[in-house]
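Q: Sending over a structure as structure tokens; questions will come in a sec.
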Amino acid sequence: MPLIQLIYMSRLAGHDETSLGPILSASVRRNTASGVTGMLLYANGRFLQALEGDESAVDETYARICRDIRHEDPLLLSKETITQRQFSNWSMGFRHMSEADARHLPRFAPWFRIGFESADISQANSVARDMLAFFKEEMA
Numbered sequence: 010m011p012l013i014q015l016i017y018m019s020r021l022a023g024h025d026e027t028s029l030g031p032i033l034s035a036s037v038r039r040n041t042a043s044g045v046t047g048m049l050l051y052a053n054g055r056f057l058q059a060l061e062g063d064e065s066a067v068d069e070t071y072a073r074i075c076r077d078i079r080h081e082d083p084l085l086l087s088k089e090t091i092t093q094r095q096f097s098n099w100s101m102g103f104r105h106m107s108e109a110d111a112r113h114l115p116r117f118a119p120w121f122r123i124g125f126e127s128a129d130i131s132q133a134n135s136v137a138r139d140m141l142a143f144f145k146e147e148m149a
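Numbering-wise (the numbering used here), the sequence shown opens with residue 10 and increments by one.
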């Protein structure tokens, strides 16, 4: 089974940030059990997430996210075969983007403030990859 990385974005249903903790806890538990690793960024009601692992496990995880009523308008940005995991240390790394992040990281500031708008970021997949990689290194 090939190793893949899938990157998607979605909106938090109802902008209800009280559900962030339960979403993260469930992700860590399920990802650990299925061997999926990744990184989740959240800003202004939007998620940007990378999932990595065996193709069947990642596909199953993404399908579950698409059915989850806490996620709205999931949009697949990329799905690629990879030779090694980028987020191997985390069943789910997480970063809640703040206004302070936007001030200190002008390169990514527009994405924090607009919350990863799908029409814009889907045309700039390299931005999504760069942002996920940057926060992986910062959190390591």
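Glycine is no exception: its CB is placed at the ideal position from the N, C-alpha and C atoms. Quantities reported herein were computed from a predicted structural model and do not represent experimental measurements.
Among the residues of its own chain, which have a CB less than 8 Å from the CB of Thr41, if the five just before and after it don't count?
A: In the sequence shown, residue 41 corresponds to position 32, counting from 1. Excluding positions up to five away in sequence, the list reads Ser100.
Q: On the three-state DSSP scale, how would you describe Ile78?
A: Along the sequence shown, one-based indexing puts residue 78 at 69. Three-state DSSP puts Ile78 in coil, outside helix and strand.
Q: Around the Cβ of Arg112, are there at least 16 other Cβ atoms within 10 angstroms (buried) or fewer (exposed)?
A: In the sequence shown, residue 112 corresponds to position 103, counting from 1. Result: exposed.
Q: Cβ atoms of Ala66 and Val45: under 8 Å apart, would you say?
A: Numbered from its first residue, the sequence shown carries residue 45 at position 36. Numbered from its first residue, the sequence shown carries residue 66 at position 57. Yes. Within cutoff.
Q: With 16 as the cutoff for other CB atoms within 10 Å, does Met10 come out buried or exposed?
A: To locate residue 10, count along the sequence shown from 1; it is residue 1. Counting of Cβ neighbours within 10 angstroms places Met10 among the exposed residues, the total staying below 16.
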